[in-house]
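Residue numbers (the working numbering): 7 to 238. Heads up, the beta-carbon is just placed ideally off N, CA and C, and yes, glycines get one too. Reviewing the structure listed below.
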Amino acid sequence: MTQKKPLPEEIYKRRRVAALIIVLVLAVVLIWAAVAAFGGNSDKSADTAAPAPTPEQTSSSAAPETSEVSSESEASAEGASESKSAEREPSSSPAASSEAAKKTCDLADLQVRTSMLNYSVPEGELPKFFMTVTNPTAADCKIDLDKNLLRFEVYKMADNERVWSDTDCYASVQTGSQTFPAGKDIKFEAEWSRQASKPGECTDRPAAEPGAYFAHTVIGDNSSPPQDFTLR
Numbered sequence: 007m008t009q010k011k012p013l014p015e016e017i018y019k020r021r022r023v024a025a026l027i028i029v030l031v032l033a034v035v036l037i038w039a040a041v042a043a044f045g046g047n048s049d050k051s052a053d054t055a056a057p058a059p060t061p062e063q064t065s066s067s068a069a070p071e072t073s074e075v076s077s078e079s080e081a082s083a084e085g086a087s088e089s090k091s092a093e094r095e096p097s098s099s100p101a102a103s104s105e106a107a108k109k110t111c112d113l114a115d116l117q118v119r120t121s122m123l124n125y126s127v128p129e130g131e132l133p134k135f136f137m138t139v140t141n142p143t144a145a146d147c148k149i150d151l152d153k154n155l156l157r158f159e160v161y162k163m164a165d166n167e168r169v170w171s172d173t174d175c176y177a178s179v180q181t182g183s184q185t186f187p188a189g190k191d192i193k194f195e196a197e198w199s200r201q202a203s204k205p206g207e208c209t210d211r212p213a214a215e216p217g218a219y220f221a222h223t224v225i226g227d228n229s230s231p232p233q234d235f236t237l238r
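Listed below in structure tokens is the structure:
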């Protein structure tokens with residue numbers, strides 16, 4: 007049997023280098039495969055976790071719910087306010103209904119108001135006053151106007167000095183027994199000559215100066231609120 011001659015040392019070196027390169031390539035391939043495998047799983051996990059909302063998305067999606075709740079709260083508050091208003095309204099209605107149901111009527115029950123055609127009266131024009139008397143009760147009100155004088159009065163605005171009354175020099179526009187029907191208005195009127203007067207002093211009456219005045223209409227001691235006007 008012929009003995010083989012050993013190969014040159016250079017060939018053995020080349021074989022060892024080739025084997026080492028193959029090992030390195032295999033190691034790189036294995037590492038790449040491992041990275042690819044684990045990396046793919048993490049990407050899938052990331053893809054699976056992607057639909058979870060971020061804090062900003064959560065707050066923005068919750069905002070409409072908050073606004074809806076606040077709207078409902080406002081609606082509830084409005085409803086509560088309306089309920090309170092509805093509860094308050096009946097509190098005033100018993101007084102009105104009790105007044106309307108009042109079976110008797112006295113002078114103090116009558117509501118007296120003053121009005122005018124013109125609240126700024128030009129020079130040369132005579133002021134005309136209107137008295138409106140309302141009976142808010144359920145009974146006719148019979149008043150003796152001889153005892154409870156019906157009259158029109160004018161005062162200076164500056165010092166509340168009484169300037170004129172239609173009954174200073176003339177009889178009242180209405181005397182005797184007067185019935186004010188239940189739930190009805192009755193009106194009276196008087197015209198002022200723009201001359202000052204005092205009871206019993208009916209001659210040489212001075213003319214009223216231009217300026218601010220107020221008028222009352224009165225029955226007995228039941229007087230209307232003051233009505234402002236101006237003489238020009």
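**Request:** Report the option in W198, Q184, F235 and A33 whose CA atom is closest to the CA atom of D146.
**Result:** Looking up residue 146 in the sequence shown gives position 140. Ranking the options by Cα distance to D146, first place goes to Q184.
**Prompt:** Secondary structure at D191, three-state DSSP: helix, strand or coil?
**Reply:** Taking the sequence shown and counting its residues from 1, the one referred to as residue 191 is at position 185. D191 falls in the strand class under three-state DSSP.
**Asked** What number of angstroms, rounded off, separates the C-alpha of D191 from the C-alpha of K162?
**Response** By one-based count along the sequence shown, residue 191 stands at place 185. By one-based count along the sequence shown, residue 162 stands at place 156. A direct Cα-to-Cα measurement between D191 and K162 gives close to 29 Å.
**Message:** What residue range does the beta strand (DSSP E) around R200 cover?
**Reply:** Position 194 of the sequence shown, counting from 1, holds the residue named residue 200. R200 -> no beta strand (DSSP E), and no H or E assigned at all.
**Item:** Beta-carbon separation (whole angstroms), P212 vs A202, contact threshold 8 Å
**Value:** Locating residue 212 in the sequence shown gives position 206, counting from the first residue. Locating residue 202 in the sequence shown gives position 196, counting from the first residue. Yes, they are in contact, since the Cβ atoms of P212 and A202 sit about 5 Å apart, within 8 Å.
**Item:** Per-residue DSSP class, three states only, for D150
**Value:** The sequence position of residue 150 within the sequence shown is 144, counting from 1. DSSP places D150 in strand when its eight states are reduced to three.
**Message:** What does the alpha-carbon distance come out to for the pair F235 and Y219?
**Reply:** Start at 1 with the first residue of the sequence shown, and residue 235 comes out as number 229. Start at 1 with the first residue of the sequence shown, and residue 219 comes out as number 213. Looking at the two C-alpha atoms, the distance is approximately 5 Å.
**Prompt:** Going by Cα to Cα distance, which pick from A188, A33 and D227 is closest to K109?
**Reply:** Along the sequence shown, one-based indexing puts residue 109 at 103. Minimum Cα distance to K109 is reached at A188.
**Asked** Per DSSP, N228 forms a beta bridge with which residues?
**Response** For this step, residue 228 is matched to residue 222 along the sequence shown. The beta-bridge partner set that DSSP reports for N228 consists of I225.
**Asked** Going by alpha carbons, who is nearest to D174 out of R157, T181 and Q180?
**Response** Position 168 of the sequence shown, counted from the start, is the residue given in the question as residue 174. Answer by Cα proximity: R157.
**Message:** For V169 and L123, I'd like the C-alpha separation in whole angstroms.
**Reply:** As a working mapping, residue 169 is identified with position 163 in the sequence shown. As a working mapping, residue 123 is identified with position 117 in the sequence shown. If I take the Cα positions, the gap works out to 20 Å.
**Prompt:** DSSP on L123, reduced to helix/strand/coil?
**Reply:** Position 117 of the sequence shown holds residue 123. Here DSSP, grouped into helix, strand and coil, assigns L123 to coil.
**Message:** Within 10 Å of its beta-carbon, does K148 have 16 or more other beta-carbons around it, so buried, or fewer, so exposed?
**Reply:** On the sequence shown, position 142 is the one that residue 148 refers to. Its Cβ having fewer than 16 others within 10 Å, K148 is exposed.
**Asked** Taking the alpha-carbon positions, what's the P128 to S229 distance?
**Response** Counting from one through the sequence shown, the residue named residue 128 turns up at place 122. Counting from one through the sequence shown, the residue named residue 229 turns up at place 223. In this structure, the alpha-carbon of P128 lies about 27 Å from that of S229.
**Prompt:** Which residue from F135, S121 and L151 puts its Cα closest to that of D112?
**Reply:** Residue 112 sits at position 106 when you count from the first residue of the sequence shown. Proximity to D112 across F135, S121 and L151 peaks at L151, based on C-alpha coordinates.
**Prompt:** What whole-angstrom Cβ distance do T209 and M137 have, given they're in contact under 8 Å?
**Reply:** Sequence index remark: in the sequence shown, residue 209 carries index 203 (1-based). Sequence index remark: in the sequence shown, residue 137 carries index 131 (1-based). 27 Å between Cβ atoms; not a contact.
**Message:** Which residue wins for smallest C-alpha separation from D115, given the options A144, G130, S121 and E131?
**Reply:** As a position in the sequence shown, residue 115 is number 109, starting the count at 1. Ranking A144, G130, S121 and E131 by CA distance to the CA of D115 puts A144 first.
**Inter-residue Cα distance where the pair is S171 and N154** = Mapped onto the sequence shown, residue 171 falls at position 165. Mapped onto the sequence shown, residue 154 falls at position 148. Cα-Cα distance, rounded: 15 Å.
**Request:** Rounded to whole angstroms, what's the CA-CA distance from Y176 to A164? Just pull it up for me.
**Result:** Translated into positions along the sequence shown, residue 176 becomes position 170. Translated into positions along the sequence shown, residue 164 becomes position 158. Spanning the two alpha carbons is a distance of roughly 27 Å.
**Asked** Candidates R200, G206 and V179: which alpha carbon is nearest F194's?
**Response** In the sequence shown, counting from the first residue as 1, residue 194 sits at position 188. Closest by alpha carbon: V179.
**Asked** If you draw a straight line from the C-alpha of Y125 to the C-alpha of A214, how long is it?
**Response** The count along the sequence shown starts at 1 and reaches residue 125 at position 119. The count along the sequence shown starts at 1 and reaches residue 214 at position 208. Inter-residue distance for Y125 and A214 is about 16 Å (C-alpha atoms, whole angstroms).
**Request:** Find the nearest neighbour of P205 within the set N141, L132, F135 and E159, judged by alpha-carbon distance.
**Result:** Numbered from 1 along the sequence shown, position 199 holds the residue referred to as residue 205. Closest option to P205, Cα to Cα, is E159.
**Assigned exposure category for W38 - 16 Cβ within 10 Å defines buried** = Within the sequence shown, the letter at position 32 stands for residue 38. Exposed is the call here.
**For T64, the three-state DSSP class (helix, strand or coil)** = Along the sequence shown, one-based indexing puts residue 64 at 58. Low per-residue confidence applies at T64: pLDDT is 34, beneath 50, and the placement is therefore not dependable, though the value from the model is reported in the following sentence. When DSSP states are grouped into helix, strand and coil, T64 belongs to the helix group.
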